[in-house]
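Residue numbers (the numbering used here): 5 to 290. Just so it is clear, CB atoms sit at the ideal spot from N, CA and C, and this is done for glycine as well. What follows is a short report on a single structure.
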């Protein structure tokens, strides 16, 4: 089945999606409420419009990438009566579980099928084989959309029948985990720089740190799955003593470390609960 796709919203991410599908020879049209972002689309030969009805009538699949669900609702309200009937809407706008559930009801009232997903990448990584977009909703609808979605990210997957599952995963991993890690890295980089470590040396420290993280997370998931909190590599006591020494390193150069301070607090709480001899999986609570 050939998908005719309209991209609803051509900011940085929406534009990257439109370019990728066009490059892969999908029939694609770009829609944006303001005309400025569409100029670059037209220069590439991508059909573009500020008329939502034109974008809808020329597509069987609508990929929506707007700033929030309020903006999505505002755009949908401009579609002529009956225009969305029979269309498949894939909403990749960031939002909550409630947002996704309410938007599915809105789509159903307009006669459209609806999937809700999240983008785990930056615009420059759209189209890569390892890029991930997670999609929640009917598996039957996912089967229809999968081919298009995997053109945008080869690692994309169906997150489950629950319509908000994509938003849950986004909040947990590219959201809380990735964004916190990025800010924690900045804090750590500032400490290293303040301590006289050069940028070139800091850059060399990234890959081994990521490898350590990946291996430890694999072990953490396995331990949680088995329900076994035995310390296989290091105990909470060991982690706490190390983290306290890191605080002293930061204090020596008068470099505040809020993420480091929070880590020490969490480790101390675990040790004070008598869990110092266990591994980090003990922090996981269902």
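Exercise for the section: Give me the Cα-Cα distance between residue 281 and residue 249, rounded to the nearest whole angstrom. Expected result: 19 Å
Handout entry: Cβ-Cβ distance between residue 21 and residue 130 below 8 Å
Key = yes
Handout entry: Simplified DSSP state of residue 161, which is helix, strand or coil
Key = strand
Handout entry: the stretch 92-99 / the stretch 38-45 touching (three or more Cβ pairs under 8 Å)
Key = Contact between the stretch 92-99 and the stretch 38-45 is absent, because fewer than three Cβ pairs lie under 8 Å.
Exercise for the section: For my contact list, residue 167 and residue 104 are in at a C-beta cut-off of 8 Å; report their separation, rounded to the angstrom. Expected result: 5 Å
Problem - Pair within 8 Å by beta-carbon distance, residue 224 and residue 247 - result: Against a cut-off of 8 Å, the Cβ pair of residue 247 and residue 224 comes out as no contact.
Problem - Neighbourhood of residue 157 by C-beta, 6 Å cutoff - its chain only, sequence neighbours within 5 removed - result: 135, 136, 137
Problem - Paired residues, beta bridge with residue 12 - DSSP - result: 35, 68
Handout entry: Cβ separation of residue 195 and residue 90, assumed to be a contact under 8 Å, to the nearest whole Å
Key = Not quite, the Cβ-Cβ distance comes to about 57 Å (not below 8 Å), so this is no contact.
Problem - Nearest to residue 154 (by Cα), restricted to the options 278, 172, 144, 123 - result: Answer by Cα proximity: 123.
Problem - Residues near residue 199 in its chain [Cβ-Cβ closer than 6 Å; skip 5 each side] - result: 257
Problem - Nearest-angstrom Cα separation, counted from residue 19 out to residue 111 - result: Distance between the alpha carbons of residue 111 and residue 19: 24 Å.
Practice task
Please list the segments of the alpha helix (DSSP H) lying wholly inside the stretch 160-189, counting only runs of 4 or more residues, in order along the chain.
Solution key: 169-174
Handout entry: Complete runs of the alpha helix (DSSP H) confined to the stretch 203-259 [at least 4 residues]
Key = Taking only runs of at least 4 residues, the alpha helix (DSSP H) segments lying wholly in the stretch 203-259 are 203-208, 210-230, 240-256.
Exercise for the section: Provide the residue(s) that pair with residue 264 in DSSP beta bridges, ordered along the chain. Expected result: Bridge partners of residue 264 according to DSSP: none are assigned.
Handout entry: Inter-residue CB distance, residue 117 and residue 140 (contact presumed, cutoff 8 Å)
Key = With a Cβ gap of about 13 Å, residue 117 and residue 140 do not count as contacting.
Problem - Proximity of residue 274 and residue 287 at Cβ, strictly below 8 Å - result: yes
Problem - Of the residues 52, 171, 126, the one placed nearest residue 63, counting alpha carbons only - result: 52
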